[in-house]
Amino acid sequence: MNVVSLFSVAVALWASVISVALSKIATGDEVVERGPASLFFACNGLAAMLARVDQSVIDSLNFTKGESNGVTPETFKALGERVNVEFRSHGSSSANSARAYCYLGGKASFFTVLGDDEHADLFDSYIGSHGVDMMTIRRPGTFTSQIYTLITPDAERSMYLLWGASHTIKPGDLSASVMDNYDYYVVNGFMFATPGHVEFSHKMIEAALSRGKQLILLLANRVCIRKWSDLLKPIAAKSAYISGNLEEYSMLYGLEEPEKLFTMFEELTDGEKPQHKAVIITMGGDGAMVMFQGQRYFVPPTGVNVIDTTGAGDIFAGSILYGLLNGLSVKKSGELARAMVGDILPRVGTKFSDGLAAKIVDIKASA
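Those letters in the sequence shown? Residues -28 to -1, 1 to 339, per mature numbering (1 follows the signal peptide of the UniProt record, and there is no 0), in order.
Below is the structure:
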């Protein structure tokens, strides 16, 4: 490497150091919103089957690892014959977030279309067990959408979906007036998969904004960004809160360097009338960053042994949003999210342990 190249590298490094130094590092004692805030979620409703598999199983399916993939009934049936299901549950991206939000004491409702089968009752029971107000409907002659979540030894989960009733969601299924009763409508990246989904989402977004309510956007999965970024980016611009992982943000905004993303969102959350109240960026085993009020706050990783990441991002979002929207400090909001996610990561599935409630009480009671 010549002298000019060395000088260029040195300049770039110093520029990065100066950029970080000039950024505003929050103490974590700040409060974003006093609350309380009520949320309305709408997303798919799924009957989920989780299994641990070798990488060879994922490779044989010819889909991108770590993503959500729709499959044919034949492929879905073949999967069922090939894997040993370890955990059965019910949920979806937004359903997991709603469950976490209400587990911590928040007020939220969830809407989806379920099939004319036993999974519909099981879905309502599981998601509603922690206080979520279930506003689901049954579509006669259909089945509840189903998903196989396959977990490889590296704790990555890949999802294979057989779409049913939730893919029939259409604008006429829900009255816009429902938003009279909530502070936020939560948009999910998965709710743009069909023309009916797109029309439904835009109807509910308009219903919220026209009533002076606000939006929360959950990016959900990188496949959502790859397929529907042209729809999601304008919605992100209107959202008070956004939550997703670093890869999803990088894809959506075309910025590969994390520092550029952090700096951009510091600017977009700054001032008397910021574009966003807070932007949450999860970074897997490297923790998470929260940008708000022109500042950034780092949430450390959980430090637990990770077996299964299914639902982790969704539960993190629902948990930290509970704190940010209901008068808790940013630091305490992050602690709640770490506790909630740390509870599910060491085992397969998204069911909370019996000991979690006591941990949450301690965190809320701490100074």
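Think of the CB as a built atom: it goes at the ideal place given N, C-alpha and C, for glycine as much as any other residue.
Keep in mind the model is a prediction, meaning the values are calculated, not measured.
Serine 28 and leucine 146 have their alpha carbons spaced roughly 43 Å apart. Within the segment 73 to 128, the complete alpha helix (DSSP H) runs of at least 4 residues fall at 90 to 100.
By the CB criterion at 8 Å, tyrosine 294 and alanine -3 fall outside the cutoff. Across the set Val104, Leu122, Asn277, Thr235, the C-alpha of Thr235 shows the shortest separation from the C-alpha of valine 262.
Here valine 104 is actually not in contact with serine 301; their C-beta atoms are around 25 Å apart, not less than 8 Å. Taking a cut-off of 8 Å on C-beta distances, the segment 72 to 90 does not touch the segment 41 to 51, as fewer than three cross pairs fall below it. One thing to note: threonine 84 has its Cβ no nearer than 8 Å to the Cβ of glycine 42. The secondary-structure analysis by DSSP pairs valine 251 across a beta bridge with Ile214, Met263. For phenylalanine 115 and arginine 6, the gap between their C-alpha atoms comes out near 41 Å. Note: isoleucine 177 is not bridge-paired with any residue in the DSSP secondary-structure output. For the pair isoleucine 316 and serine 305, the CB atoms are not nearer than the 8 Å cut-off.
Comparing alpha carbon positions, the residue from Leu94, Ile335, Glu307, Ala209 closest to threonine 241 is Ala209. Per DSSP, reduced to three states, the secondary structure at glycine 63 is strand.
The DSSP-derived three-state label of alanine 329 is helix. A Cβ-Cβ contact shorter than 8 Å links tyrosine 156 with lysine 185. In this structure, DSSP gives asparagine 68 a helical state, which the three-state scheme calls helix. Assigned with DSSP and collapsed to three states, arginine 198 falls in helix.
Put simply, of Lys(-5), Ala127, Gly283 the residue whose alpha carbon is nearest the alpha carbon of alanine 309 is Gly283.
Looking from the CA of valine 158, the closest CA among Asp326, Leu297, Ser325 belongs to Leu297. In the three-state reduction of the DSSP assignment, serine 10 falls in the strand class. Residue pairing by DSSP places arginine 268 opposite Ile(-4), Met263 in a beta bridge. For isoleucine 252, the closest of Phe237, Glu231, Asn56, Ser101 by C-alpha to C-alpha distance is Phe237. Across the set Gly314, Trp200, Phe162, Gly257, the C-alpha of Phe162 shows the shortest separation from the C-alpha of serine 64.
When only Cα atoms are considered, serine 66 and alanine 14 end up about 7 Å apart. The criterion of a C-beta distance shorter than 8 Å is not satisfied by alanine 72 and valine 278.
Under the 10 Å beta carbon count, aspartate 334 is surrounded by fewer than 16 other beta carbons and is classified as exposed. In this chain, the beta strand (DSSP E) harbouring leucine 187 covers 186 to 190. It is roughly 9 Å from the alpha-carbon of proline 273 to the alpha-carbon of threonine 254. In the three-state DSSP reduction, arginine 54 falls in the helix class (H, G or I). Taking the C-beta atoms as reference points, arginine 60 is found no nearer than 8 Å to aspartate 280.
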